[in-house]
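J.: Please read through the structure below; I'll follow up with questions.
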Amino acid sequence: MASAPAVPVSSSATLPLSIDGLVKRFGALTAVDGVSLDVRQSECLGLLGPNGAGKSTVIRAIVGRVIPDSGSITLFGARADSTAARESLGWVPQELAIYPRLTCRENLTAFGRYHGLAGKQLAESVAWCLDWAALQDRAKDLAGKLSGGMKRRLNMAAGIIHRPRVVLMDEPTVGVDPQSRNRIFEMIEALRAQGTAIVYTTHYMEEAERLCDRIAIIDHGRIIALGTKEELVHNAFASRSQVLARFAGSEDRIAAWVESHGGRIVDSTAEFTIERSIEIGTLLESAAKDGFELEDVSLRRPNLESVFLHLTGRELRE
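Sequential numbering of the sequence shown, starting at 3, is according to the working numbering.
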């Protein structure tokens, strides 16, 4: 009986992005402490963490803004500081990096020339980016006169004018309206459909849940969880559910009671984790016995926000 053909195993030479044992210190502070990550073709990997967790340092190490103390970063097997790696990498920074006194077309032409594009290749890339960002009818408008959402889309287009195969997106929807945010989502999905690998940072958990195939949670410079949304929820909570309750009375007294019963207070709401729904009755009976007036109660399955809070002790937007 013939054996089944071997399934090829991805290596750092074929992966769009591979980070191995990355360490970066600033004096006595270890900002990144042994981070290892792989990003696959067509994958959107979410990199989530509280402020100061180390995610910005990881991004800047990939683009060469900071030099690691140890570890390696490769793009399709090429070192991150090589010409081949830089040609395959695009970066969309959180801060707008466009020229307000140039038109949309002039902005993209300038950024294309920075990447060595010229002639027909440059013209085709500019046309593609204008179409991708839905800015064709604004091509001759000054960038400084655009709406906030249009500036964000132009900023994204400038970051990928050289059509890279790996793109880092650092909070690309900051300050935009819901309609513009949905358009940006469509732009990201169009990139993925072409095989582009994306590393995505955001302070909006719903964005991570919608866009990201896998999510890496970083805290204190280390990756503390990595997997799909479903894997992260299962690993953190298994089959348990969450009880959300609000009580009337002294906040300090309520917080002390909640903590003594294994819960925590989040935005004035008590959160408890239970194995069986029947435990709700026992919990509420105990609250009534101790003199707490129940205002509202609900039962829910844990979500990605629950996992993040469980692992870091903080909300994503803190």
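Virtual Cβ for every residue (Gly too), placed ideally from N, Cα, C.
Tell me whether R266 sits in a helix, a strand or coil according to DSSP, three-state version.
T.: In the sequence shown, residue 266 corresponds to position 264, counting from 1. Looking at R266 - three-state DSSP - the assignment turns out to be strand.
J.: Check V168 in the structure and name its three-state DSSP category.
T.: For the purposes of this step, residue 168 is identified with residue 166 of the sequence shown, where counting begins at 1. V168 falls in the strand class under three-state DSSP.
J.: Using the Cβ count rule (16 or more neighbours within 10 Å means buried), how would you classify P10?
T.: Position 8 of the sequence shown, counting from 1, holds the residue named residue 10. With a pLDDT of 41 at P10, under the threshold of 50, the modelled position of this residue cannot be trusted; read the value that follows with caution. P10 is exposed by the Cβ-count criterion.
J.: DSSP three-state call for G92: helix, strand or coil?
T.: Within the sequence shown, the letter at position 90 stands for residue 92. Strand, per DSSP.
J.: Give the single residue among E211, G229, E208, E209 whose Cα lies nearest to the Cα of A218.
T.: Translated into the one-based positions of the sequence shown, residue 218 becomes position 216. It is G229 whose Cα lies nearest to the Cα of A218.
J.: What ranges does the alpha helix (DSSP H) occupy inside the segment 186 to 237, keeping only unbroken runs of at least 4 residues that lie completely in it?
T.: Runs of the alpha helix (DSSP H) inside the segment 186 to 237: 207 to 213.
J.: Using CA atoms only, rank isn't needed, just tell me which of M158, Y101, H164 is closest to D143.
T.: Start at 1 with the first residue of the sequence shown, and residue 143 comes out as number 141. Looking at the Cα atoms, Y101 is the closest of the given residues.
J.: For G140, does the three-state DSSP call read helix, strand or coil?
T.: Position 138 of the sequence shown, counted from the first residue, corresponds to residue 140. Position check: residue 140 holds Arg in this sequence, whereas Gly was assumed. Of the three classes helix, strand and coil, the one that applies to R140 here is helix, per DSSP.
J.: Could you please give the first and the last residue of the uninterrupted alpha helix (DSSP H) stretch that includes T284?
T.: Start at 1 with the first residue of the sequence shown, and residue 284 comes out as number 282. Segment 281 to 291, the alpha helix (DSSP H) holding T284.
J.: Assess, as a yes-or-no matter, whether the segment 285 to 304 is touched by the segment 239 to 249 under the definition of 3 or more beta carbon pairs within less than 8 Å.
T.: Flag = yes, the segment 239 to 249 and the segment 285 to 304 touch.
J.: Would you call the segment 206 to 214 and the segment 42 to 50 in contact, with 3 or more CB pairs under 8 Å?
T.: Yes, the segment 206 to 214 touches the segment 42 to 50.
J.: Grouping DSSP H, G and I as helix and E and B as strand, with all else coil, what is V65?
T.: Here residue 65 corresponds to residue number 63 of the sequence shown, with the count starting at 1. V65: helix per DSSP, three-state reduction.
J.: What residues are listed by DSSP as bridge partners for S74?
T.: As a working note, residue 74 is residue 72 in the sequence shown. Beta-bridge pairing links S74 to D22.
J.: May I have the straight-line CA-CA distance separating S243 from I267, to the nearest angstrom?
T.: The residue given as residue 243 occupies position 241 in the sequence shown. The residue given as residue 267 occupies position 265 in the sequence shown. Near 16 Å, if we compare the C-alpha coordinates of I267 and S243.
J.: Which whole-angstrom value is the C-beta distance of I200 and M171, which I expect to be below 8 Å?
T.: The count along the sequence shown starts at 1 and reaches residue 200 at position 198. The count along the sequence shown starts at 1 and reaches residue 171 at position 169. Right, their Cβ atoms sit about 6 Å apart.
J.: For S12, collect the residues of the same chain with a Cβ closer than 8 Å to its Cβ; drop the 5 residues on either side in sequence, then sort them by chain order.
T.: For this step, residue 12 is matched to residue 10 along the sequence shown. Residue placement at S12 is flagged as unreliable, the pLDDT there being 49, under the threshold of 50; a coordinate-derived value is accordingly withheld.
J.: Going by C-alpha distance, which of K147, I64, G315 is nearest V94?
T.: Counting from 1 along the sequence shown, the entry for residue 94 is found at position 92. When only C-alpha atoms are compared, the closest one is I64.
J.: Comparing alpha-carbon positions, which option in G92, G29, S44, A80 lies nearest T198?
T.: As a position in the sequence shown, residue 198 is number 196, starting the count at 1. Nearest C-alpha to T198: S44.
J.: Are the segment 79 to 90 and the segment 153 to 167 touching by the rule of at least three beta carbon pairs closer than 8 Å?
T.: Touching, yes.
J.: Quickly, what does DSSP pair A272 with across the bridge? List them, please.
T.: The residue given as residue 272 occupies position 270 in the sequence shown. Answer is A247, I267.
J.: If you measure from the beta carbon of G23 to each beta carbon in chain C, is any gap under 8 Å?
T.: The chain inventory of the structure shown lacks chain C, comprising one protein chain alone.
J.: Mapping DSSP to helix, strand and coil, what is S182?
T.: By one-based count along the sequence shown, residue 182 stands at place 180. Reduced to three states, the DSSP call for S182 is helix.
J.: Looking at the structure shown, is T85 part of a helix, part of a strand, or coil, going by DSSP?
T.: Taking the first residue of the sequence shown as 1, we reach residue 85 at position 83. Helix, per DSSP.
J.: Would you decide whether D269 is buried or exposed? Buried here means 16 or more other CB atoms lie within 10 Å of its CB.
T.: On the sequence shown, residue 269 is found 267 positions in, with the first residue counted as 1. When all chains shown are included, D269 counts as exposed.
J.: In angstroms, rounded to a whole number, what distance separates the CA positions of F113 and L124?
T.: Taking the sequence shown and counting its residues from 1, one reaches residue 113 at position 111. Taking the sequence shown and counting its residues from 1, one reaches residue 124 at position 122. Using only the alpha carbons, I get a separation of about 10 Å.
J.: Kindly list the residues whose CB is nearer than 8 Å to the CB of I256, restricted to its own chain and excluding five residues on each side of it in sequence; keep chain order.
T.: The residue given as residue 256 occupies position 254 in the sequence shown. Here the set comprises F249, I267, A272, F294.
J.: Leaving out five residues before and five after R27 in sequence, what residues of the same chain have Cβ atoms less than 8 Å from its Cβ?
T.: Numbered from its first residue, the sequence shown carries residue 27 at position 25. So the qualifying residues of the chain are A33, D71.
J.: Mark P180 as exposed unless 16 or more other C-beta atoms lie within 10 angstroms of its C-beta, in which case mark it buried.
T.: Mapped onto the sequence shown, residue 180 falls at position 178. Exposed, since its Cβ has fewer than 16 Cβ neighbours within 10 Å.
J.: For L132, which residues of its own chain have a beta-carbon under 6 Å away from its beta-carbon, when the five flanking residues on both sides are left out?
T.: Residue 132 sits at position 130 when you count from the first residue of the sequence shown. Result list for L132: Q138, A141, in chain order.
J.: When you compare each of E97, A55, D83 to V68 by their alpha carbons, which one comes out closest?
T.: As a first step, residue 68 must be located in the sequence shown, where it is residue number 66. Of E97, A55, D83, the residue nearest in Cα terms is D83.
J.: According to DSSP, is G177 part of a helix, a strand, or is it coil?
T.: Start at 1 with the first residue of the sequence shown, and residue 177 comes out as number 175. Residue state, collapsed to three classes: coil.
J.: Excluding sequence positions up to five away, which residues of its chain have a Cβ less than 8 Å from the Cβ of L313?
T.: The residue given as residue 313 occupies position 311 in the sequence shown. Closer than 8 Å at the Cβ level, and outside the excluded window around L313, lie I219, D221, I226, A227, A238.
J.: Between the alpha carbons of S74 and L19, how many angstroms are there, rounded?
T.: In the sequence shown, the residue the question calls residue 74 occupies position 72. In the sequence shown, the residue the question calls residue 19 occupies position 17. In a straight line, the C-alpha of S74 is about 11 Å away from that of L19.
J.: Which residues bound the beta strand (DSSP E) around S38?
T.: Locating residue 38 in the sequence shown gives position 36, where the first residue counts as 1. Residues 31 to 41.
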